[in-house]
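Under the working numbering, residues 298 to 557 are what the sequence shown spells out, in order. Note that CB positions come from ideal geometry on N, CA and C, so glycine has one too.
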Amino acid sequence: MKILILPDPAAAVARCVEIIAQTLNEKPQAVLGLATGGTMEPVYARLVERARAGEVAVDRMTSFNLDEYVGLPPEHSQSYHSYMRERLFGPLGLDPSRTHLPRGDAPDPAAEAARYDAAIAQAGGIDLQLLGIGGNGHIGFNEPSSSLASPTRVKTLTRATREANARFFGPDETVPRFAITMGIATILRSRHAVLLATGTKKATAVAAMAEGPLGARCPASALQMHPRATIVLDAEAAADLELRQYYETAHPEGQEVTLG
Ligand code: PGA
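Shown next, in the form of structure tokens:
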């Protein structure tokens with residue numbers, strides 16, 4: 298794991314966007330794995346700014362999102378289809394045929410999950426997978442106890458996750474109980490995984506992911522097995538890392554150091 302510690306959330310977001318921009322500028326037809334959640338909102342805002350400034354090529358990319366709530370159609374205001382349309386796909390003017398999310402309203406969610414993994418493989422696999430992390434260590438909606446070899450499938454959300462996400466729903470709406478999520482094996486097949494975490498609420502999960510035992514209690518710890526995982530943190534999210542000084546020596550201010 299490459300652990301990059303930036304001084305504040307804005308710097309961490311900018312570093313994450315820089316990685317996305319580099320990937321797309323090196324390979325404009327790259328397949329991106331995309332994430333939702335509060336952490337990604339400033340990432341997409343900054344990416345849109347950079348695309349409008351002509352600093353990053355987005356027209357030829359293809360994307361696959363991590364997850365979608367079971368039962369929500371794409372038009373539902375709290376669906377991840379809506380989140381992505383509003384924050385990224387619409388502002389970038391992307392061709393909808395290039396952007397993919399699991400269908401939460403599919404009549405057979407298990408079949409939809411299998412179809413989704415097949416579609417990712419058909420597209421040549423994911424070049425860059427963006428990830429957030431839950432306070433409970435989940436990636437995508439792979440909640441604690443998820444098989445570390447799991448394919449895309451239906452998962453039951455934990456109470457903690459439903460409570461954390463209730464802020465996005467209205468007072469009369471209930472957070473769905475199930476989601477279709479890329480599996481941990483799906484995420485581990487990506488050629489580069491970049492996880493962004495900011496704020497104190499993520500510090501415990503980040504330490505468990507990077508320095509704790511590999512195990513289903515912290516699904517993000519599976520990234521220890523990823524051949525190319527980059528973890529982008531702000532100072533607060535990095536606060537519980539025992540080896541922090543080492544990471545800061547290896548990558549001062551979260552930057553690359555050239556050898557020699
Ligand atoms: P957040 O969610 O960015 O809203 O904190 C991250 C996650 O649950 O994976």
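Item, Value
"Between N462 and the ligand PGA, is there a pair consisting of the residue's CB and a ligand heavy atom that are separated by less than 8 Å?", "yes"
"Restricting to Cα atoms, I'd like to know which of A332, Y377, Q319 and K299 is closest to F466.", "Y377"
"Under the rule that 16 or more other beta-carbon atoms within 10 Å means buried, what is Q426, buried or exposed?", "buried"
"What number of angstroms, rounded off, separates the C-alpha of E440 from the C-alpha of A309?", "25 Å"
"Indicate the three-state DSSP secondary structure (helix, strand or coil) for D356 in the structure shown.", "coil"
"Mind checking whether I477 and V503 have CB atoms under 9 Å apart?", "no"
"Quick one, what's near the ligand PGA if you take every residue whose CB is closer than 5 Å to any heavy atom, in chain order?", "G334, G335, T336, G429 and G431"
"Determine, using beta carbons only, whether E545 and I302 come nearer to each other than 9 Å.", "yes"
"So, are the CB atoms of P325 and A354 less than 9 Å apart?", "yes"
"Below 6 Å CB to CB, which residues in the same chain sit around V529 once its five sequence neighbours on both sides are set aside?", "L301, A309, R312, C313 and L493"
"What's the C-alpha gap between E352 and V328?", "18 Å"
"If you compare alpha carbons, which of Y366, S444, L428 and L485 is closest to R514?", "S444"
"On the CB-based measure, 16 or more other CB atoms within 10 Å of its CB, does K499 come out buried or exposed?", "buried"
"In this structure, how does DSSP classify V451 when only helix, strand and coil are distinguished?", "strand"
"Residues in its own chain within less than 8 Å of N322 by CB, not counting five upstream and five downstream?", "V353 and A354"
"Who pairs with N362 in a beta bridge, going by DSSP?", "L331"
"For V529, which beta-bridge partners are listed by DSSP?", "L301 and L493"
"Rounded to the nearest angstrom, what separates Q375 and D402 at their Cα positions?", "13 Å"
"Distance check for E533 and A348, CA to CA, integer angstroms please.", "29 Å"
"Which residue marks the beginning of the beta strand (DSSP E) containing Q426, and which one marks its end?", "L425 to L428"
"Are the beta-carbon atoms of T396 and N362 separated by less than 9 Å?", "yes"
"Going by beta carbon distance, what residues of the same chain come within less than 6 Å of G334, once the five residues before and after it are set aside?", "G429"
"Taking buried to mean at least 16 other C-beta atoms within 10 Å of its own C-beta, is D414 buried or exposed?", "buried"
"Kindly examine the ligand GTP and report whether one of its heavy atoms sits closer than 8 Å to the Cβ of Q326.", "As far as ligands go, the structure on display features the ligand PGA and does not contain the ligand GTP."
"On the criterion of 16 or more Cβ atoms from any shown chain inside 10 Å, does G531 qualify as buried, or is it exposed?", "Looking at the sequence provided, one finds Asp at residue 531 rather than Gly. Looking at its Cβ environment, which holds 16 or more other Cβ atoms inside 10 Å, D531 is buried."
"Within the same chain, show all residues whose beta-carbon is closer than 8 Å to that of A463, passing over the 5 residues directly before and after it, in chain order.", "V472"
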